[in-house]
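A.B. asks: If you read the sequence shown in the UniProt record's numbering, its first letter stands for residue 1, the second for the next number, and so on. Don't be surprised by glycine CBs; every beta carbon is placed ideally from N, CA and C.
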Amino acid sequence: MQYQLYTLALHRLLKQRLPNYDYEKHMGGVVYLFLRGMRVGQQTGVFQNRLTLEHVTALDKLFSGKAQSDKSMDSKSNDEVVQYGLF
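1. So residue 41 and residue 33 are in contact, right, with Cβ under 8 Å, and what is the actual spacing, rounded?
2. Among 28, 8 and 23, which one has its Cα closest to the Cα of residue 61?
3. Would you kindly report the start and end of the unbroken beta strand (DSSP E) that includes residue 46?
4. Report yes if the CB atom of residue 11 is closer than 8 Å to the CB atom of residue 27, and no otherwise.
5. In chain order, what residues of the same chain lie with their CB nearer than 8 Å to the CB of residue 50, ignoring the 5 residues before and after it?
6. Tell whether a beta-carbon distance below 8 Å holds between residue 59 and residue 16.
7. Are residue 53 and residue 21 closer than 8 Å when you measure CB to CB?
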């Protein structure tokens, strides 16, 4: 969850600072290195991920208060509601 919040914060900052900001071009994703889990010759202890633009946009709407309220969500069928996992 932490990397999602950091990705959103960086996304918002870059939108403000870069005139031609493009998420697909300027965001590379995240890499976490868990030193205690790393082993020579193995690919353990490394986590990497890149959120989709759709996911970051949904987070942006959620934290800006623009996400749909629960009342308006009730009128939609479950097939129409998109849920984003934390990991």
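C.D. replies: Result, derived from the coordinates:
1. Actually they are not in contact, since the Cβ atoms of residue 41 and residue 33 sit about 16 Å apart, beyond 8 Å.
2. 8
3. 46–49
4. yes
5. 27, 28, 29 and 30
6. no
7. no
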